[in-house]
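Trainee:
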Amino acid sequence: MPLTFDEARHLLSRTGFGGTPDEIRGLIAMDRAAAVSQILNVPSNKTQTAPPRWVHRLPPLPRERRQWSERDRRAFREERKEESLELKGWWYREMIASRSPLLERMTLFWHNHFTSSLQKVKWPPYLYWQNLLLRLHALGSFRDLLIAIAKNPAMILYLDTQTNRKDHPNENFARELFELFTLGEGHYTERDIKEAARAFSGWHIDHRTGAFRIDLFQHDDGKKLVFGKSGAFDGDDIIALTIEQPQTARYVVEKLWREFISDQPDPVEVDRLAALFRAERYEIVPLLRALLLTDHFWRPEQRGALIKSPVELMVGTIRLFGLPLDDPLPLIRYGRKLGQDLFDPPNVKGWSGGTRWITSSTLLERTQLLHRSLRGHETGHAASMKGMQNGSESGWLTTEPIDVVQAVLLPLPPVYPSAPADERAQSVLQFVSDPVYQLK
Amino acid sequence: MGEGVSRREILKVAAAAVPLVLLAPPWIEHLWAARTFEAQAGAGMFQRVLILVELQGGNDGLNTVVPYEDRAYSRARPKLGIPRDQVRQLSSHFGLHPALTPLMPSWDAKELAIVAGVGYPRPNRSHFRSIEIWETGSESEQVLDEGWLSQVFRRFPVPADFAAEGILLGKGDAGPFSGGQRRAIALRDPEEFLRRAGSVHPVSAPVSNRALAHILEVQREIWKAAGDLQARMRQVPELGIEFPAHKIGKQLQVAAQLLAARVPVAVVKVSHGSFDTHAGQLPHHHRLLEELAEGLTAFRSAMVRHGRWRDLLVMTYSEFGRRVEENASHGTDHGTAAPHVMIGGQVKGGLYGTYPSLTDLEDGDLKYTVDYRSLYATVIERWWGLSATMLVQGRYPALDCLTG
Numbered sequence: 002m003p004l005t006f007d008e009a010r011h012l013l014s015r016t017g018f019g020g021t022p023d024e025i026r027g028l029i030a031m032d033r034a035a036a037v038s039q040i041l042n043v044p045s046n047k048t049q050t051a052p053p054r055w056v057h058r059l060p061p062l063p064r065e066r067r068q069w070s071e072r073d074r075r076a077f078r079e080e081r082k083e084e085s086l087e088l089k090g091w092w093y094r095e096m097i098a099s100r101s102p103l104l105e106r107m108t109l110f111w112h113n114h115f116t117s118s119l120q121k122v123k124w125p126p127y128l129y130w131q132n133l134l135l136r137l138h139a140l141g142s143f144r145d146l147l148i149a150i151a152k153n154p155a156m157i158l159y160l161d162t163q164t165n166r167k168d169h170p171n172e173n174f175a176r177e178l179f180e181l182f183t184l185g186e187g188h189y190t191e192r193d194i195k196e197a198a199r200a201f202s203g204w205h206i207d208h209r210t211g212a213f214r215i216d217l218f219q220h221d222d223g224k225k226l227v228f229g230k231s232g233a234f235d236g237d238d239i240i241a242l243t244i245e246q247p248q249t250a251r252y253v254v255e256k257l258w259r260e261f262i263s264d265q266p267d268p269v270e271v272d273r274l275a276a277l278f279r280a281e282r283y284e285i286v287p288l289l290r291a292l293l294l295t296d297h298f299w300r301p302e303q304r305g306a307l308i309k310s311p312v313e314l315m316v317g318t319i320r321l322f323g324l325p326l327d328d329p330l331p332l333i334r335y336g337r338k339l340g341q342d343l344f345d346p347p348n349v350k351g352w353s354g355g356t357r358w359i360t361s362s363t364l365l366e367r368t369q370l371l372h373r374s375l376r377g378h379e380t381g382h383a384a385s386m387k388g389m390q391n392g393s394e395s396g397w398l399t400t401e402p403i404d405v406v407q408a409v410l411l412p413l414p415p416v417y418p419s420a421p422a423d424e425r426a427q428s429v430l431q432f433v434s435d436p437v438y439q440l441k
Numbered sequence: 212m213g214e215g216v217s218r219r220e221i222l223k224v225a226a227a228a229v230p231l232v233l234l235a236p237p238w239i240e241h242l243w244a245a246r247t248f249e250a251q252a253g254a255g256m257f258q259r260v261l262i263l264v265e266l267q268g269g270n271d272g273l274n275t276v277v278p279y280e281d282r283a284y285s286r287a288r289p290k291l292g293i294p295r296d297q298v299r300q301l302s303s304h305f306g307l308h309p310a311l312t313p314l315m316p317s318w319d320a321k322e323l324a325i326v327a328g329v330g331y332p333r334p335n336r337s338h339f340r341s342i343e344i345w346e347t348g349s350e351s352e353q354v355l356d357e358g359w360l361s362q363v364f365r366r367f368p369v370p371a372d373f374a375a376e377g378i379l380l381g382k383g384d385a386g387p388f389s390g391g392q393r394r395a396i397a398l399r400d401p402e403e404f405l406r407r408a409g410s411v412h413p414v415s416a417p418v419s420n421r422a423l424a425h426i427l428e429v430q431r432e433i434w435k436a437a438g439d440l441q442a443r444m445r446q447v448p449e450l451g452i453e454f455p456a457h458k459i460g461k462q463l464q465v466a467a468q469l470l471a472a473r474v475p476v477a478v479v480k481v482s483h484g485s486f487d488t489h490a491g492q493l494p495h496h497h498r499l500l501e502e503l504a505e506g507l508t509a510f511r512s513a514m515v516r517h518g519r520w521r522d523l524l525v526m527t528y529s530e531f532g533r534r535v536e537e538n539a540s541h542g543t544d545h546g547t548a549a550p551h552v553m554i555g556g557q558v559k560g561g562l563y564g565t566y567p568s569l570t571d572l573e574d575g576d577l578k579y580t581v582d583y584r585s586l587y588a589t590v591i592e593r594w595w596g597l598s599a600t601m602l603v604q605g606r607y608p609a610l611d612c613l614t615g
């Protein structure tokens, strides 16, 4: 059965940053399976935006640092601050330009799953490398991603594996591996953590090359007891043991359900999808296909049942309205105020999301941001709305009938009563100001 | 006296240490008490404000209130231990981290109470689970949806003319206000808030979509709070006290402005961190404690000056303390019990509770001596004069650390 306009809109808004009327209509002729296949067909995970010029630099070595004056140190911090902004701006630009919105959304999903922050890692190139790693595996194999992330420089610094030594194991990575990356709270013991931490001892990065290596002098090759199994496990063994736990698949499926369907995962369906995920050897695309083809995803009551994250709201609005972007700095600032600072999640659990995106403070910020963007303040261009006002803009906002514009912008009927508006620009502003615009 | 006892200095009588039967009246008496207070609750007691200070990330209690005489301390902390000559001595066994020196005038004025060994049974070492336990007042294995303050205000609503039950400053979730349909307002800058709130139009349409219902609820909160704040904020008096420019200083400055303007609110929450010092702890922890102490000192001065200090009770909390033994990264891993402080014009200063033994450990961590719910019982029963039946069920006795 071919999709309706609203179903096609739902699919685009849940798997990307929303669709223009043409993108929506492009899916209408298809049935669910074909439309989902089209969404999942991401031809390349290469980025389109040129990265900042410094992304291949390596950090200064400790012995250099020791000779620094206070002034050198200050200059160093200032440079990193600049680079951090450039890195954030780079990703915003990529999300806005991307022809594969699903790839961006999944990269963001994994960034929020395997969190690392500039604040702790303090070396922006490492976060850039991590972003490339996340996009490389974003639609690949969860197992490969997990193995690679454990050896990723930003992660090794973020969760202190770098200082995990034989004599003094640091538990940070082992704990979050179980609690946040694979099993979820309550599915392991404190003992499992302590033992697993030993297996990751000596897993360091060599700052001279930026490469992962196992420091055999710092690695504890003794026997460990994890999940009731014992052996002279190293980190790879621990990851393999974790992947074997059926709970890992359930945990990941549940999180993806919350990302794409609703905040109330259906336990029966989660079990079914988790079994499929394991049978597919943790390949992400087959799982996403099955997830997007569940009845739950398509139920009319799911439309507009999730709240757009700050990044989705900003990137989606810019893409949909075709707003030009000279300088991503305002997006970075607003992202921070709205509670989603890219590459700087609040803590290792990432952004809680859902209804927590909206507080009295962030709701007011969102409204202000939307008004300012449409008036061109935040992008440096007053073009968009003015264009609409004098009818010179050729985009869909001026050419489509008003009920189509509403159906594109809003997943549900507006809450505010519609005031009579003479001008197209005024009607559009009304739709965007409606609380329903915050939903996806 | 055995070695264990001498090391564990017995401080002021810890309510928690007294046998349960003596402290917990029969439940029937509690019900009676609840009824009497319920009638009054709206009237007067919420004029007293609770200032909650969240120490995000798990503060290292051992390096905050330092057992500087304990050899087990110096053994466990060869690199991170605070040397005896740097500690600000509070007693012959305990002292404050030197960065907390700005708090010494409060200590000398007997307005600073330190409760040792605060924690809970079968401690959870996950940040997220443990802070959830603290903020909902639950057992270790019990998952509650409603924050402990939401539970209190559901039972004892704040007066209708209050701007909000709570004002949240700084980052962080609604935490103790979560769940329920309670009114807690997140503010960064009150003036900015008012300017923008003008664009909010509350809608009271019934909706089944929970995401939308949440947004509409937040809109109503904004609308109500803006109306109440408007009048008050027109007459914010000059604080006359300089606040430090860091984040916690700024949060406490906004709190001081709201309180000086007598905005009616029962709780103000600020947050500070991150105290998750797994690596390179010394300079980081020093800075955090110093900022906290500077901020609180300015706050106290401002509130004394504006005649509000006796209406305020400042209380810290954190998801856990940290492991007794330092790790190889010059840091500390997640632990269990830790001291917390109460400061205010009606606080009876001193050391409360029993400092946990540093040798009688459980999985390398301190055994708690005061249940964290005793802090809540103190706030609910002694500070607000409410019955705490629902939340603490008489099992967690209030501490006798307030004068009024």
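Sequence lines, in order, name chains A and B.
My numbering puts the first residue of the first sequence at 2, with every later residue one more than the last.
My numbering puts the first residue of the second sequence at 212, with every later residue one more than the last.
The C-beta atom is built at its ideal place from N, Cα and C for all residues, glycine as well.
Since the structure is predicted, the reported quantities are computational estimates derived from the model, not experimental observations.
#1: Can you find the residues in the same chain that come closer than 6 Å, C-beta to C-beta, to residue 11 (chain A), ignoring five residues on each side of it along the sequence?
#2: Should residue 373 (chain B) be labelled buried (16 or more other beta-carbon atoms within 10 Å of its own) or exposed?
#3: For the beta strand (DSSP E) that residue 327 (chain B) lies in, which residues bound it at each end?
#4: Could you tell me the alpha carbon to alpha carbon distance between residue 345 (chain B) and residue 423 (chain A), rounded to whole angstroms?
#5: Determine whether the beta carbon atoms of residue 525 (chain B) and residue 329 (chain B) lie at a separation below 8 Å.
#6: I need the boundaries of the alpha helix (DSSP H) containing residue 253 (chain A), first residue and last residue.
#7: From residue 122 (chain A) to residue 159 (chain A), what distance separates their C-alpha atoms?
#8: Output the distance between the C-alpha atoms of residue 270 (chain B) and residue 340 (chain B), rounded to the nearest integer angstrom.
#9: Considering only residues of the same chain and omitting the five flanking positions on each side of residue 542 (chain B), which have a CB-CB separation below 7 Å?
#10: Between the Cα of residue 497 (chain B) and the Cα atoms of B:312, B:448 and B:561, which residue gives the shortest distance?
#11: Under a Cβ-count criterion, where at least 16 other Cβ atoms within 10 Å of its own Cβ denotes burial, should residue 403 (chain A) be classed as buried or exposed?
#12: Can you check whether the C-beta of residue 498 (chain B) is within less than 8 Å of a C-beta belonging to chain A?
#13: Going by C-alpha distance, which of A:356, A:337 and A:355 is nearest residue 347 (chain A)?
#14: Please decide whether residue 308 (chain A) counts as near chain B, where near means a Cβ-Cβ distance under 8 Å.
#15: Please classify residue 473 (chain B): does DSSP put it in a helix, a strand, or coil?
#16: Can you list, in chain order, the stretches of the beta strand (DSSP E) that have 3 or more residues and sit fully within the segment 454-535 of chain B?
#17: For the candidate residues B:429, B:399, B:401 and B:396, whose alpha-carbon lies nearest to that of residue 412 (chain B)?
#18: Is the separation between the beta-carbon of residue 288 (chain B) and that of residue 537 (chain B) shorter than 8 Å?
#19: Comparing the C-beta of residue 116 (chain A) with each C-beta of chain B, is any distance below 8 Å?
#20: Please classify residue 553 (chain B): is it buried, with 16 or more other beta-carbons within 10 angstroms of its beta-carbon, or exposed?
#21: Can you tell which of B:533, B:544, B:540 and B:557 has its C-alpha closest to the C-alpha of residue 579 (chain B)?
#22: Counting beta carbon pairs with one atom in the segment 402-409 of chain B and one in the segment 500-511 of chain B, are three or more of them shorter than 8 Å?
#23: Quick check: residue 442 (chain B) and residue 396 (chain B), are their CB atoms within less than 8 Å of each other?
#24: According to DSSP, residue 186 (chain B) sits in a beta bridge with which residue or residues?
#25: Out of A:165, A:247 and A:108, which has the shortest C-alpha to C-alpha gap to residue 539 (chain B)?
#26: So if I threshold CB-CB distances at 9 Å, which residues from the segment 264-277 of chain B count as touching chain A?
#27: Which term fits residue 296 (chain B), buried or exposed, when burial requires 16 or more other beta carbons within 10 angstroms of its beta carbon?
#28: Leaving out five residues on either side along the sequence, give the residues of the same chain with a beta carbon under 7 Å from the beta carbon of residue 3 (chain A).
#29: Count the other CB atoms, across all protein chains shown, that sit within 10 Å of the CB of residue 20 (chain A); report buried if there are 16 or more and exposed otherwise.
#30: Given that residue 16 (chain A) touches chain B, what residues does it touch there, using C-beta distances under 7 Å?
#31: Here's a check: name, in chain order, each residue in its chain whose Cβ is nearer than 7 Å to the Cβ of residue 396 (chain A), leaving out the five neighbours to either side.
#32: Within 10 angstroms of the Cβ of residue 474 (chain B), are there 16 or more other Cβ atoms? Answer buried if so, exposed if not.
#33: CA-CA distance, residue 257 (chain A) and residue 243 (chain A)?
#34: Would you call the CB atoms of residue 184 (chain A) and residue 265 (chain A) closer than 8 Å?
#35: Determine, for residue 430 (chain B), whether the minimum Cβ-Cβ distance to residues of chain D falls below 8 Å.
#36: Once DSSP output is grouped into helix, strand and coil, what is the label at residue 339 (chain B)?
Mentor: Taking the definition as stated:
#1: 304
#2: buried
#3: 323-330
#4: 54 Å
#5: no
#6: 247-261
#7: 5 Å
#8: 16 Å
#9: 488, 489, 490, 491 and 492
#10: B:312
#11: exposed
#12: no
#13: A:337
#14: Judged by the 8 Å Cβ criterion, residue 308 (chain A) is in contact with chain B.
#15: coil
#16: 476-484 and 523-528
#17: B:429
#18: yes
#19: It does not: the Cβ of residue 116 (chain A) has no partner Cβ on chain B nearer than 8 Å.
#20: buried
#21: B:533
#22: no
#23: no
#24: Nothing can be reported for residue 186 (chain B), as the shown portion of chain B is limited to 212 through 615.
#25: A:165
#26: 267 and 268
#27: exposed
#28: 29, 30, 31 and 32
#29: buried
#30: Within 7 Å Cβ-Cβ: nothing; residue 16 (chain A) doesn't reach chain B, min ~18 Å.
#31: 323
#32: With 16 or more Cβ atoms within 10 Å of its Cβ, residue 474 (chain B) is classed as buried.
#33: Taking C-alpha positions only, residue 257 (chain A) is separated from residue 243 (chain A) by approximately 19 Å.
#34: The Cβ atoms of residue 184 (chain A) and residue 265 (chain A) do not sit closer than 8 Å to each other.
#35: This model lacks chain D altogether, as its protein chains are A and B.
#36: helix
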